[in-house]
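Heads up: the protein sequence lines correspond to chains A and B, in order.
11 is the number of the first residue of the first sequence in our numbering; add one for each residue after it.
11 is the number of the first residue of the second sequence in our numbering; add one for each residue after it.
Number of protein chains: 2
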Amino acid sequence: MKKDSQFMTLTNSEENYLKAIYHLSDGGKKGVSTNDIASSMKTKPASVSDMLRKLGEKEVINYRKYYGVQITEEGRNYALQVIRKHRLWEVFLVDKLKFNWDEVHEVAEQLEHVRSPLLTQRLDEFLNFPKFDPHGDPIPDEFGDVKARPRIALNDMEVNAAGQIVAVKDSSAAFLRYLDKVGAYIGARVKLLDKVEFDGSVEILVDQKTLFMSKDVASNILIVVT
Amino acid sequence: MKKDSQFMTLTNSEENYLKAIYHLSDGGKKGVSTNDIASSMKTKPASVSDMLRKLGEKEVINYRKYYGVQITEEGRNYALQVIRKHRLWEVFLVDKLKFNWDEVHEVAEQLEHVRSPLLTQRLDEFLNFPKFDPHGDPIPDEFGDVKARPRIALNDMEVNAAGQIVAVKDSSAAFLRYLDKVGAYIGARVKLLDKVEFDGSVEILVDQKTLFMSKDVASNILIVVT
DNA sequence: ATTGTATTTTAGGGTTGGCTAAAAAATAAT
DNA sequence: ATTATTTTTTAGCCAACCCTAAAATACAAT
C-alpha cells in the first residue's frame, strides 16, 4: 500500500512514533529497537510492535520482524516536517508569548500536529525564518534541510557562555566513562564559569555541579552555544 | 459521575459536540434535537445518541431520552472556553499571519483544542485582549462573559460600511418570507452601498446581489458593523 | 383512538490505539 | 551446543467514535 509522501497523512499517534524513531536513529543508519521506542514513548513494547506494522505498511519505515526498524526517505521527510512545526512553535512561544524555554515543550507537542501548510509557512515568515529553536536545535526548512549548528570546543567558549554538548571527538571507553561520571552526556547543558590562563583548564557548570576540566578533555567536547 | 468543571477534560470530539449544542441552543433555553446536532456535525443521529449519553454522564448537558438536550451551566462554561480559544486564534491568524477572514475557520477548528491555560492567556495578551473576532463575533473572556455587540439598524449604517445581520425586530411571517427571498438571512453579510435622501431607502449588497430596500424594512434589520 | 410518519435509540460491527499474558525468536551464558 | 534470559510478537481484550439496520418512541393526521 504505497502512498505518495506528498499526500499521505498520518494520525497524531503515528506522527509521534515516527518522530521518536527519527530521534532515536539520529543520523546513524542502524536500526532502532522496539524496547527503545517503547520506553521513549512511555508505552509498552506490544503496542509498539502493532504500530511498527502499520508504519511499515505506509512505507515510512522499513520493518523486519524481530530486527530493528530503519526510517525511510519518506519517513524522514515526514518526521522533519513535524519537527519543523514543533520548533517553529517553540520560537513563537518564547519570542512572542514570553514563555520560558523550559515551559514550551508540552504545548509545542500539541501544536506540532496542526495540519495547515499555509499556517506553517506564514508562521515561519512571521518569526522571520528562524534557523534554531530556543534550545539551540536547528529548524528544518520546508524541504527538510537543516543548517549545521556552529559547534566549538568546550574550551573555546567565552566565559559565562552557555550551551549544549552535541558530540565528542574522542570516543574511547575511558573517556566516555569519565563523561558519564561527571554527568556530561550528549545533550547536557553546560555553562563555562571560568578559564584558567595558566594551563588552559576550565571551570564549568554541568548537571547542577561545578567542576574543573583539563584543556585536554575540554578540547574533545563539542558545544553548541545558545 | 460528577466531575468538577475546573478539572474535567473532554476529548476533542466531545468538545466539538458541546460547541455544536451550545451554538444550536443560542441563548434560548429550549432543547436541541438529535437530528439538528447530527446535521450540523455532518454525522449520523445514531452517533449523536451515543455521544449525548456520554455528555449527560459528564453532566455538561441534561439528557432525557427521546427529548432534546439542554446544556448545563458547566457545559456552557466549557463551551465558551473552547469558543474563546477558537476566536482568539482567528484574530491571531488574520491580524498577525495575514490570513483572509474566510481562510481561518478550518485552522482555528484545530487550534481551539490545544490545552494550555497559559497559552490562551498569553495569546490574549499578545493580541491586546480583543473583544471580537474577524467575523464580528464576540470573544468570551476567561470567565465566559461576552461583551454585547453594538447593533444598529441597517439604515443607520454609514455608506460603504459592511456588517452582518444579527437579528430582526419584526418577525411576522410575511417579513421573514421577504428576507428569505432576497437572501437576507441571519448571519448574512451586507454592505450598504448608498442611501437615498428622499425617502430614506437604502441600496445594499447582500448574498452577491444588490437591491433597494425601503426605510421601513431596513429599520427592522439589526446589523453588527465589522 | 388509531394509524402513519418522523425521530431517536439500540444492537452489532469496524477502526485506531492502548493494555496484559503468553508464545516465539534472538541473544547471552555456560 | 545446549540452556537460560531478554526481546519481540501474537492473541485477546477494552475504550473512543464512527457506521448501518432494526426497534422503540414520539408526534401528526385522520
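For each residue, glycine too, the CB sits at the ideal point set by N, CA and C.
As the structure is a computational prediction, the values presented were derived from the model and not from experiment.
Assigned with DSSP and collapsed to three states, B:A198 falls in coil, not helix or strand. In terms of Cβ geometry, A:K201 and A:G173 form a close pair [threshold 9 Å].
The beta-carbon of A:Q91 is placed no less than 9 Å from the nearest beta-carbon of chain B. Taking C-beta atoms under 8 Å as the contact rule, A:V42 and A:V79 qualify, at a distance of about 6 Å.
B:V227 counts as buried, since at least 16 other C-beta atoms from the protein chains shown sit within 10 angstroms of its C-beta. Beta-bridge partners assigned by DSSP to A:I162: A:I233.
In this structure, the CA atom of A:F139 is about 10 Å from the CA atom of A:P150.
Look at A:N110 here: in three-state DSSP terms it is coil, with no helix or strand label. The contact set of B:S50 on chain A, defined by CB atoms closer than 8 Å, is empty, because the minimum CB distance reaches about 23 Å. Counting along the chain, B:K219 sits inside the beta strand (DSSP E) bounded by residues 219 to 223.
Bounds of any beta strand (DSSP E) do not take in A:Y76, whose DSSP letter is neither H nor E. In the DSSP secondary-structure assignment, A:L215 is bridged to A:K201, A:T220. Within chain A, the residues V124, R125, S126, L128, L129 have their CB atoms less than 9 Å from the CB of B:V117, given in chain order. Against chain B, a Cβ distance below 7 Å from A:F136 picks out K106, L107. The three-state reading of DSSP puts B:I175 in strand, counting E and B together. With fewer than 16 neighbouring CB atoms inside 10 Å of its own CB, A:F153 falls in the exposed class. For A:L65, no chain B residue has a Cβ inside 9 Å of its Cβ, as the nearest lies near 23 Å away.
Listed along chain A, the residues sitting closer than 9 Å to B:R132 by beta-carbon distance are L103, K106, L107, K108, F109. Using beta-carbon distances, A:Q80 does not count as an interface residue toward chain B, since no partner is under 9 Å. Inclusion of A:Y76 and A:M51 in the CB contact set at 9 Å is not warranted, their separation being larger than that value. Secondary structure note for A:L186: its alpha helix (DSSP H) is the uninterrupted segment 183 to 192. Counting of Cβ neighbours within 10 angstroms places B:R74 among the exposed residues, the total staying below 16. Between B:D46 and B:V101, the C-beta spacing is not below 9 Å.
A Cβ of chain A is located within less than 9 Å of the beta carbon of B:E113. Taking the C-beta atoms as reference points, A:E135 is found nearer than 9 Å to B:L107. Unbroken beta strand (DSSP E) stretches of 3 residues or longer found wholly inside the segment 40 to 112 of chain A: 71 to 73, 79 to 81, given in chain order. Shown here for A:H96: same chain residues with a beta carbon closer than 6 Å to its own, the five before and five after excluded, namely A118, E122 in chain order.
Annotation: B:E69 to B:E83 spans about 9 Å, alpha carbon to alpha carbon. Within the same chain, and ignoring the five residues on either side of A:T236 in sequence, the residues whose Cβ sits closer than 6 Å to its Cβ are G146, G173. In this structure, A:V124 places its C-beta atom within 9 Å of the C-beta atom of B:Q120.
In the three-state DSSP reduction, A:F139 falls in the coil class, being neither helix nor strand.
Neighbours of B:L121 in chain A, taken as residues whose beta carbon is under 7 Å from its own, are V124 in chain order. The DSSP-derived three-state label of A:P144 is coil. Of the residues B:V58, B:A56, B:A177, the one whose Cα lies closest to the Cα of B:S229 is B:A177.
Contact annotation, A:N170 with A:K225: C-beta distance approximately 18 Å; criterion of less than 8 Å not satisfied.
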